[in-house]
Amino acid sequence: MGKNLAFSRRCGWAAGLFVLAATPVLAAAAMPSERILDMGLAELRIALDRGAITSVELVGAYLERIATIDQPAGGVHAVLAVNGKALEQAKAWDVSRAQQAPGQPSQALAGIPFLAKDNFDAVGLANTGGSLALAQSMPSTNAFVVQKLLDQGAILLGKTNLSELAASYGWYGYSAVGGQTLNPYNPLRTADGSSSGSAAAVAARLAPFALGTDTTGSIRSPASVTGTVGMRATMGLVSRSGVIPMSLTADVVGAITRTVEDQAIVLDAIKGEDERDASTQGIAHLEKPIASGLAGSTLAGKVIAVVDNFDGANPEVDAVKQSAIAAMQEAGARVVNIRLPKVFETLQPDVLGPIGVAEFKPQFETYLAGLSGGQPRDLREFMARLDKLTATGTRAINPGRYKGLIENLETRTTDSPEYIRLLSVVIPSIKREITSLMEAGGYDALFYPTIGCTAPVVPGKTDPTFVCKAYAYAAAKIASTTGFPEVTVNGGLVAGNLPVGVSFLGKAGDDAKVLQLAAAFERAHPALVRR
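Under mature numbering (1 follows the signal peptide of the UniProt record, and there is no 0), the letters of the sequence shown match residues -27 to -1, 1 to 504, in that order.
See the structure below:
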C-alpha cells in the first residue's frame, strides 16, 4: 500500500525558505494549487463533486508540496512516510465520482487526503512511534479511527513525525526515526509535542487534516503553537484501539485541522463505539452531526469563566488572553474571571505523572505482544533492540526519553495503593469539582491560553526572545485528568511570527458546545485566524 521514505532529518532551515509562503504549482491542475491547498473540507467536497478539481489533482498538490517543503534539507520534517498508492486511490475515487448520478452527494471525505501521527496502525506503513526499535513494525490491521476514515472515502497520505513514543522530555517533536520537526512559522522554534508533525503538517498545508493523540496536551499544545485547531474530545467519544499507548487513563485520539468547522467534520467522521476500546462502551455518543450545528453558533449571551491561575509565564501570551476576552465581550459574551483551587495547578506531578508511570509498561507491552513475529514482545526486548540499533545507527534517542524508558523497566504496578487511590478517589473528586463549579456559576465553558508560553526553542538552538517564567502546560492537565472536552483555536500572533492558542473547556459530553463556542470565537476574531 505504501512505502517508507528514508530521507535525512538532521537539517537546518534553508536560506530563503519560508514555509507558509512557498507553494509549488501543478501545471495540470484545473485551478492553481495555491487555491486547492487553501480549501477547507466542506469546500473540497463541493469542488470535487462539481468537478472543479479531481482527487488526483488534490492528492498530487499535497504530495508535491511535501516533496518541496517538507523533505529537503531545511524542510519542516513533519512527514515520516508517504503512501505510495495515494495517487492510485485518488484516481479510483475520481472514476467512482464520475459514475455517480448527477447531483448525488458523495461521502463527506471521499477522495480527500489526510495524515496520521506515526503511532497509529496503518496497513502498508510501518508504525514506529518514532523509535528505531519499531522501524520495521508493519501492522496487519488499521487503527479503528484510520479504518473509519478510509471507510468514508478518505485517502491516507502518510505518517507524521512525533516526540518519540509520544513523550517529549524537553525535545519537542524529535524522534530517532524522524529527527526534529520545525515550526512552520519560525525555524528557531519547535511545533511542541508530541503530535508535532501532525500540527506542523496542517499549518504548512501538507494535508487538510492530520490525526494525533493527546495524553497530557499532545494535540492541544502543538495546535496552539502552529495556529491550528486541536481538540481533545470527551473520553470515550473516539476509540484508541490500534494506537501505541502511553497511559490509557488519559490517552485520547483526535485531529488537528485549520478551522473549527473542519475539526467538527473530522470528529463526526471518527467518533463512535468500538468493541476493542472499553472506554467507548456505554458512552452517549452524539447522534446528530456536530458540524451542522456550527453555522448559527454565537457567543452572545454565553457565560465564559476565564481562568486566571496560569497567568504570568509569558507577557505576550497574557496579552493575547486579554485581547481574546475583549473580542468575546464585544461579541456579547459575559466574562467572569475565576481562580481554580490550587489542586488544579499541580495535576501533572500529583495525578497524571504517577498514573503514567504505573500504566506505561503494562499497556505498552500489551501492544507489543500483539505485533507480528520478529518484533519485540516486551519492554526489555524493546530496550535491547533499541540499544543495538542506537549503537550502530546515525541518530540517537532523546536522552531524557531513554532515561524514562529505563525507569519504566522497574515501574510500580497498577495494583499499587497509590494508583488505585488516584483512579478511584482523586480523579472522580476533581471531575465533580469542575462540574459543580460550572453548574453553580452557569458557565458555558472555562477559558484560558492553551499553554502559558510561546513555542519552545529547538534543542541545540538559541533564541533570546523566548520567555517562559513558569511551567507552561498546567492548564492542559485539567482536560487530561477529567476526560472533559477541550478545543484550542488560534488567538493571535505575537513577536517572532508565533501563534498563540486559546482554549474552551466544557463538561463531559459538551463536545458540540465547545466547538460552537470556538467557531463563534473564530468568527469574532477573524483577523487572527490564519487560513
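Note that beta-carbon positions come from the ideal geometry of N, C-alpha and C, so glycine has one too. Predicted, not measured: the structure shown is a model, and the values here were computed from it.
How would you label residue i, buried or exposed, when you count the other beta carbons within 10 angstroms and need 16 or more for buried?
| i | result |
| --- | --- |
| residue -5 | Its pLDDT being 35, under 50, residue -5 is placed unreliably in this model, and the coordinates cannot settle the point. |
| residue 213 | buried |
| residue 181 | buried |
| residue -7 | With a pLDDT of only 36 at residue -7, under the threshold of 50, the placement of this residue in the model should not be trusted; the figure read from the coordinates follows. Classification of residue -7: exposed, given that the 10 Å Cβ count is below 16. |
| residue -3 | Reliability of the predicted coordinates at residue -3 is poor, the pLDDT of 34 falling under 50, and the value obtained from them is presented with this limitation in mind. Under this definition residue -3 is an exposed residue. |
| residue 443 | exposed |
| residue 72 | exposed |
| residue 338 | buried |
| residue 124 | exposed |
| residue 75 | exposed |
| residue 143 | exposed |
| residue 261 | exposed |
| residue 146 | buried |
| residue -13 | With a pLDDT of 28 at residue -13, under the threshold of 50, the modelled position of that residue is not reliable, and the figure given next carries that caveat. That one is exposed. |
| residue 68 | exposed |
| residue 195 | buried |
| residue 381 | buried |
| residue 132 | buried |
| residue 2 | Note that residue 2 has pLDDT 43, beneath the 50 cutoff, so the model's placement of it is unreliable and the number below is only indicative. It is buried - the Cβ of residue 2 has at least 16 other Cβ atoms within 10 Å. |
Taking the alpha carbon of residue i as the point to measure from, which residue in the options has its own alpha carbon closest?
| i | options | result |
| --- | --- | --- |
| residue 16 | 285, 231, 404, 210 | 231 |
| residue 451 | 342, 477, 469 | 477 |
| residue 506 | 158, 234, 298, 276 | Since the displayed the chain opens at -27 and closes at 504, residue 506 lies outside it and no answer follows. |
| residue 484 | 244, 435, 441, 330 | 244 |
| residue 306 | 410, 133, 418 | 418 |
| residue 88 | 64, 143, 32 | 32 |
| residue 43 | 368, 281, 176, 114 | 176 |
| residue 467 | 197, 301, 25 | 197 |
| residue 35 | 85, 464, 24 | 85 |
| residue 81 | 137, 260, 98, 21 | 21 |
| residue 475 | 122, 317, 280, 127 | 280 |
| residue 361 | 8, 105, 318 | 105 |
| residue 276 | 206, 302, 204 | 302 |
| residue 282 | 470, 221, 445, 490 | 445 |
| residue 414 | 328, 480, 23, 168 | 480 |
| residue 269 | 308, 490, 373 | 490 |
Pop quiz: residue i and residue j are said to be a contact at Cβ under 8 Å. What is the actual Cβ separation, rounded to whole angstroms?
| i | j | result |
| --- | --- | --- |
| residue 94 | residue 227 | At roughly 17 Å, the Cβ-Cβ gap does not stay under 8 Å, so residue 94 and residue 227 are not in contact. |
| residue 139 | residue 102 | 7 Å |
| residue 396 | residue 110 | Not a contact, Cβ separation roughly 30 Å. |
| residue 455 | residue 393 | Their Cβ separation, rounded to whole angstroms, is 19 Å, which puts residue 455 and residue 393 out of contact at 8 Å. |
| residue 472 | residue 158 | 6 Å |
| residue 384 | residue 333 | 7 Å |
| residue 203 | residue 461 | 5 Å |
| residue 56 | residue 130 | 6 Å |
Flag this pair as yes or no: are the beta carbons of residue i and residue j separated by less than 9 Å?
| i | j | result |
| --- | --- | --- |
| residue 53 | residue 188 | no |
| residue 506 | residue 163 | The requested residue 506 is not part of the displayed model; the chain covers only -27 to 504. |
| residue 488 | residue 237 | yes |
| residue 191 | residue 151 | no |
| residue 493 | residue 272 | yes |
| residue 210 | residue 184 | no |
| residue 411 | residue 379 | no |
| residue 278 | residue 420 | yes |
| residue 348 | residue 341 | yes |
| residue 51 | residue 173 | yes |
| residue 193 | residue 459 | yes |
| residue 62 | residue 128 | yes |
message: Just to confirm the assignment: which complete beta strand (DSSP E) runs, minimum length 3, are found wholly within the segment 171 to 256?
response: 182 to 187, 202 to 205, 225 to 230
Entirely enclosed alpha helix (DSSP H) segments - the segment 342 to 414, minimum 4 residues: 352 to 365, 372 to 382, 390 to 394, 400 to 414
- prompt: Whole beta strand (DSSP E) runs in the segment 66 to 96 with 3 or more residues, listed along the chain?
  reply: 86 to 90
Ordered list of beta strand (DSSP E) runs contained in the segment 305 to 336, each at least 3 residues: 307 to 311
field: Uninterrupted alpha helix (DSSP H) stretches inside the segment 274 to 303 (no shorter than 4 residues)
entry: 288 to 303
- request: With a floor of 4 residues, list each alpha helix (DSSP H) that falls wholly inside the segment 426 to 470, ordered by position along the chain.
  value: 449 to 455
task: Quick one: which unbroken alpha helix (DSSP H) runs of 4-plus residues sit fully inside the segment 100 to 154? Chain order, please.
output: 117 to 124
task: Could I get the ranges of all uninterrupted alpha helix (DSSP H) runs contained in the segment 21 to 48, with 4 residues as the minimum, in chain order?
output: 28 to 38
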